[in-house]
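Participant:
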Amino acid sequence: MARVDENGVEWLDLTDPVEAAKFDAQAAAMEPLTYADVVKRREARQAKAAAKPNGTAVQ
Amino acid sequence: MDPATRHRTLQLLHLADERATPHHIPGEPYKYKHGWIPVILAGAEAIATWNHDLSDKHHLVTAVESGAHAAGPIYLGDSERIHTVLGDFGNGAEHLVTTHLGPDARRNADSDQLASELARSIGIPAPRVLRIAPDRSVSDFVDGPTWAERERQILDDPRAYELVFEQPDQKWYWENPKLAPAKRLQLEDLQRQRSDMLTSDAGVRMGVLDLLAGIDVRDSGTVVLGPDGVVPVQSEVGWPAATAERIHTVTEVPRQPIPGVKLPKGMKLFDASHRNPTPPGSIAPRPTSGTFRDGLVTWQAFARGGGWLDNPLTAADITYLRQQLDAARPAFVARNQQDWWQFSSDRLDALAAHATGTVDLFAPTA
C-alpha cells in the first residue's frame, strides 16, 4: 500500500501492479533524464539538505 | 513451513504465475487473457518468489519496501522493448526501475536478471537486479554517462546514434566525402575513445560476458562509463533466440547473386560489405560501442558457428570462470532456464579451447 509521509509525498509500492502502473504514469509525464541531469538533480538535493539545519535530505 | 511444503507451494505459485503473466500496458492496470488465473504476488512474497538469492540485494529490498516515486525516464537500450525509470525511494536511495514490454517481457526480464547474476559471479561490477514482478525489476544506478551519451557529446550532435549506427542501407557517416574537417576530427576522437574502451581490461571482460550470455550486439545505451571503467548495464537481451534476428540483419544478407534466383526488375542485392566491421584479430573501426566481443571472435564466421579467435584468457581464468559458472547454475535453475546455462557453458568451452593469455583477466590474484 502506498504511504504518504509527513511532507505529503506519496511513496508507491512497486510490487503492487496498480501502484506500479501509477509509477509508470508519473514517469510518462516527465522529461527523459540524461546523466548530466541526474548529477544536477543530485547536487540540488545535496544543496537543499545542506541548507536544512539538521542536514536531513528533502525529497 | 517445512521445506517440502514450501517447495510445493513455490511450485504451485510458479505454475499459477506461468498462466498469469500479464502483458503490461504502461499507464494502465495489468490485464489478463481470458482464462488465465489472476494471481498477483506482492510485497515480500513477490520478492521471495522472483529472486533466488537476496544476499547482496538487501539494500534494494529495503528501498522497495520504503516505496518510490518516479524521478524521470532514462534511455538505456531499446525503448520499444524496455522502459527504464530513475526512481526516488523512501529511504533516500535512487535506483532504476525497469519494465520489460511486449510478448517477450518475461523472457527478457529473466535474461536481464540472469545476465546480472552471471556478470557479478565472474567479478564484473554489473548492477544488482532485484526482480519484483514477472516483467519488472529494481536495480542499482551505475554512476556515469552511457556510451550513447558520450557519442552525442563527442560528435556534438543529438542525432549521433542515428548517424553512426542506424543507417542499414547507407554508407557510414564517416565515409561521407563531404564531411567537414572538424566533424572528421570529432569522429576520429570518437573512434579512438571507443577503441580504448574496447581494448581496456574491463572492455575485454565485457566481451567475454557478452559471449557467455549470448549478447551479440550491445547497444551503446547499455554501456556505462563508470568510475572504474566500462560497466554493462541491464536491458540488453541475451541468450540465443532474441539475438538471432539482429545478427541476421547484418551478417546473413546475401551479397552475391544466388544461382537460379532471378531478382524482380528494379531490385538490387543489398550490399552489406561495408558493414563488415572486423578485420580478423583487430578491433572494429565502427564508432559505436557495438561489439565488445570483436577481439574474441570474427563477426561473420561466428554467425555460422565458427570464427573463434585466440583470446587473452589464461588457464587460471578458464578454471575460475568454470567454477563461477557452475556456482551460478542454481540461479538459472530457479528461473527454469537451464538451457541458457548450458549455452553459456558451451561457449566457455569454446573460449577455453582458444585461451592463450599470459596475464590473468578474471582469476583473483593470490
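Here the protein sequences come in this chain order: A and B.
In our numbering, each residue's number is its place in the first sequence (first place is 1) plus 1207.
In our numbering, each residue's number is its place in the second sequence (first place is 1) plus 17.
Note that CB positions come from ideal geometry on N, CA and C, so glycine has one too.
Predicted, not measured: the structure shown is a model, and the values here were computed from it.
1. Using a Cβ-Cβ cut-off of 6 Å (strictly less than) and excluding sequence neighbours within five positions of B:Asn68, which residues of its own chain qualify?
2. Distance check for B:Val114 and B:Val102, CA to CA, integer angstroms please.
3. What is the DSSP secondary structure of B:Ser217, counted as helix, strand or coil?
4. Within this structure, are the beta carbons of B:Pro162 and B:Leu215 separated by less than 8 Å?
5. Rounded to whole angstroms, what is the Cα-Cα separation between B:Leu204 and B:Ile141?
6. Can you find the residues in the same chain that come closer than 7 Å, C-beta to C-beta, to B:Leu338, ignoring five residues on each side of it along the sequence?
7. Verify whether the separation of the beta carbon atoms of B:Ala345 and B:Leu135 is less than 8 Å.
8. Report all residues from its chain with a CB closer than 7 Å to the CB of B:Thr375; omit the five preceding and five following residues, and keep chain order.
9. In terms of residue numbering, what span does the alpha helix (DSSP H) encompassing B:Asp334 cover?
10. Would you mind working out which of B:Leu131, B:Gly220, B:Asp121 and B:Ser128 sits nearest B:Gln164, comparing C-alpha positions?
11. Could you compute how far the alpha carbon of A:Thr1222 sits from the alpha carbon of B:Ala87?
12. Please list the terminal residues of the continuous beta strand (DSSP E) segment that includes A:Arg1248.
13. Take the Cβ of A:Glu1195 as the centre, count every other Cβ of all protein chains shown within 10 Å, and call the residue buried at 16 or more, exposed below.
14. Taking CB distances under 8 Å as the criterion, tell me whether B:His76 reaches chain A.
15. Taking C-beta pairs closer than 7 Å, name the residues in chain B that A:Val1217 reaches, listed in chain order.
16. With DSSP as the reference, please indicate the residues paired to B:Asn328 in a beta bridge.
17. Under DSSP, the alpha helix (DSSP H) around B:Ile91 begins and ends at which residues?
18. Which of helix, strand or coil does DSSP assign to B:Phe287?
19. Taking DSSP as the reference, what is the three-state secondary structure of A:Glu1217?
20. Confirm, please, whether the CB-CB distance from B:Val250 to B:Leu93 is below 8 Å.
21. Return no unless some Cβ of chain A is closer than 8 Å to the Cβ of B:Ala63.
22. Strictly below 8 Å CB to CB, what residues from chain A border B:Gly89?
23. Which residue or residues does DSSP assign as beta-bridge partners of B:Glu14?
24. Smallest Cα separation from B:Gln170: which of B:Leu196, B:Lys200 and B:Asp152?
25. Is the shortest distance between the beta-carbon of A:Ala1209 and the beta-carbons of chain B less than 8 Å?
Facilitator: For this structure:
1. Along the second sequence, read from residue 1 onward, the residue named residue 68 of chain B stands at position 51. The answer, listed in chain order, is Arg148.
2. As a position in the second sequence, residue 102 of chain B is number 85, starting the count at 1. As a position in the second sequence, residue 114 of chain B is number 97, starting the count at 1. Their backbone Cα atoms lie some 5 Å apart in a straight line.
3. Within the second sequence, residue 217 of chain B is the residue found at index 200, counting from 1. Coil, per DSSP.
4. Reading the second sequence from its first residue, position 145 is the one you call residue 162 of chain B. Reading the second sequence from its first residue, position 198 is the one you call residue 215 of chain B. The answer is no: Cβ separation not under 8 Å.
5. As a first step, residue 204 of chain B must be located in the second sequence, where it is residue number 187. As a first step, residue 141 of chain B must be located in the second sequence, where it is residue number 124. The straight-line gap from Cα to Cα measures roughly 29 Å.
6. Start at 1 with the first residue of the second sequence, and residue 338 of chain B comes out as number 321. Closer than 7 Å at Cβ, skipping near neighbours: Ile139, Leu365 and Phe379.
7. Residue numbering aside, residue 345 of chain B sits at position 328 when the second sequence is read from its first letter. Residue numbering aside, residue 135 of chain B sits at position 118 when the second sequence is read from its first letter. The beta carbons of B:Ala345 and B:Leu135 sit closer together than 8 Å.
8. Locating residue 375 of chain B in the second sequence gives position 358, where the first residue counts as 1. If we look at B:Thr375 and ignore the five residues flanking it on each side, its Cβ neighbours are Thr331.
9. Working through the second sequence from its first residue, we reach residue 334 of chain B at position 317. It spans Ala332 to Ala344 - the alpha helix (DSSP H) in which B:Asp334 sits, taken as one unbroken run.
10. The residue you call residue 164 of chain B lines up with position 147 of the second sequence. The amino acid at residue 164 of chain B is misidentified as Gln; the sequence shows Trp. Selected option, being the one with the closest Cα: B:Gly220.
11. Locating residue 1222 of chain A in the first sequence gives position 15, counting from the first residue. Locating residue 87 of chain B in the second sequence gives position 70, counting from the first residue. So the two alpha carbons sit approximately 14 Å from each other.
12. The sequence position of residue 1248 of chain A within the first sequence is 41, counting from 1. Premise fails: A:Arg1248 lies in the alpha helix (DSSP H), Tyr1242 to Ala1258, not in any beta strand (DSSP E).
13. Residue numbering for chain A in the displayed model covers 1208 to 1266; residue 1195 of chain A lies beyond these limits and cannot be assessed.
14. Mapped onto the second sequence, residue 76 of chain B falls at position 59. No, because no Cβ of chain A sits closer than 8 Å to the Cβ of B:His76.
15. Reading the first sequence from its first residue, position 10 is the one you call residue 1217 of chain A. Note that residue 1217 of chain A is Glu in the sequence shown, not Val. Those within 7 Å of A:Glu1217 in chain B are His86.
16. Position 311 of the second sequence holds residue 328 of chain B. According to DSSP, B:Asn328 bridges with B:Ala372.
17. Numbered from 1 along the second sequence, position 74 holds the residue referred to as residue 91 of chain B. No alpha helix (DSSP H) holds B:Ile91; DSSP gives it neither H nor E.
18. Reading the second sequence from its first residue, position 270 is the one you call residue 287 of chain B. Bear in mind that the predicted position of B:Phe287 carries a pLDDT of just 41, short of 50, making it unreliable; the figure below should be weighed with that in mind. Three-state DSSP puts B:Phe287 in coil, outside helix and strand.
19. Counting from 1 along the first sequence, the entry for residue 1217 of chain A is found at position 10. If DSSP states are grouped into helix, strand and coil, A:Glu1217 belongs with the strands.
20. On the second sequence, position 76 is the one that residue 93 of chain B refers to. On the second sequence, position 233 is the one that residue 250 of chain B refers to. The answer is yes: Cβ separation under 8 Å.
21. Taking the first residue of the second sequence as 1, we reach residue 63 of chain B at position 46. Under the Cβ criterion of 8 Å, B:Ala63 is counted among the residues facing chain A.
22. For the purposes of this step, residue 89 of chain B is taken as the residue at position 72 of the second sequence. Simply Ala1234, Met1237, Glu1238, Pro1239, Leu1240 and Asp1244.
23. Residue 14 of chain B lies beyond the range of chain B shown here (18 to 383); nothing can be said about it.
24. Numbered from its first residue, the second sequence carries residue 170 of chain B at position 153. If we check each option's Cα against that of B:Gln170, B:Lys200 comes out closest.
25. Start at 1 with the first residue of the first sequence, and residue 1209 of chain A comes out as number 2. True, the Cβ-Cβ gap to chain B drops below 8 Å.
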